[in-house]
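Student:
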Amino acid sequence: MSQTSDDAIMTAYLTRFGALKLEERTDPQAMLEILYMAERCEAGDDLQQAQTDYDPAVWNGVDASDMKRRLIALDGFLKTLAERRLTAWGVTRPVSPGSSGPT
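Mind the numbering: the sequence shown is residues 4 to 106 in this note's numbering, read in order.
1. Which of the three DSSP states, helix, strand or coil, is assigned to residue 95?
2. Quick check: residue 50 and residue 34, are their CB atoms within less than 8 Å of each other?
3. Whole angstroms is fine: what's the gap from residue 27's alpha carbon to residue 20's?
4. Just confirm the distance between the C-beta atoms of residue 30 and residue 23, as a whole number of angstroms; I'd bet it's less than 8 Å.
5. So what's residue 39 in DSSP terms, helix, strand or just coil?
6. Could you tell me the distance, in whole angstroms, from the CA atom of residue 48 to the CA atom of residue 66?
7. Which first and last residues belong to the alpha helix (DSSP H) in which residue 56 is found?
8. Relative to the C-alpha of residue 74, which candidate in 36, 12, 9 has its C-alpha closest?
9. Is the CB-CB distance between residue 13 and residue 84 below 8 Å?
10. When the Cα atoms are used, what is the spatial distance from residue 17 to residue 79?
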């Protein structure tokens, strides 16, 4: 699989995560899928295969405190990923809501 495919997959999950946070929506299934994919990305796995293989049952039996720790780590991982994407795309400062775009 090409790196571009992994980038596109993680960009989609990053966007989905951002939309969930921005809308302050509660969608546990979506958050768990994003967590799964982020952990697969960090592990260097083939993300296209990880998407195919994802089964929500992987979370059965996971301790609540472990889940909380992992979700907190997810937030940090995706913030770092977003910052790297902004740098790669040449955005010098975050775009604030309501602005016309980066300067």
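In this text, a Cβ means the ideal position worked out from N, Cα and C, and glycines have one as well. Since this is a predicted model, take the numbers as computed values, not measurements.
Tutor: On the basis of the supplied data:
1. Position 92 of the sequence shown, counting from 1, holds the residue named residue 95. In this structure, residue 95 counts as coil in the three-state DSSP scheme.
2. One-based indexing of the sequence shown puts residue 50 at position 47. One-based indexing of the sequence shown puts residue 34 at position 31. No, the pair does not count as a contact, with Cβ atoms beyond the cut-off.
3. Mapped onto the sequence shown, residue 27 falls at position 24. Mapped onto the sequence shown, residue 20 falls at position 17. Those two C-alpha atoms are separated by around 10 Å.
4. On the sequence shown, residue 30 is found 27 positions in, with the first residue counted as 1. On the sequence shown, residue 23 is found 20 positions in, with the first residue counted as 1. So it is a contact: roughly 6 Å between Cβ atoms.
5. Stepping through the sequence shown from its first residue, residue 39 is reached at position 36. Reduced to three states, the DSSP call for residue 39 is helix.
6. Here the question's residue 48 lines up with position 45 in the sequence shown. Here the question's residue 66 lines up with position 63 in the sequence shown. Straight-line Cα distance between these residues: approximately 24 Å.
7. Taking the first residue of the sequence shown as 1, we reach residue 56 at position 53. Segment 50-56, the alpha helix (DSSP H) holding residue 56.
8. Indexing the sequence shown from 1 puts residue 74 at position 71. If we check each option's Cα against that of residue 74, 36 comes out closest.
9. Start at 1 with the first residue of the sequence shown, and residue 13 comes out as number 10. Start at 1 with the first residue of the sequence shown, and residue 84 comes out as number 81. In this structure, residue 84 lies closer than 8 Å to residue 13 by Cβ.
10. For the purposes of this step, residue 17 is taken as the residue at position 14 of the sequence shown. For the purposes of this step, residue 79 is taken as the residue at position 76 of the sequence shown. For residue 17 and residue 79, the distance between alpha carbons rounds to 12 Å.
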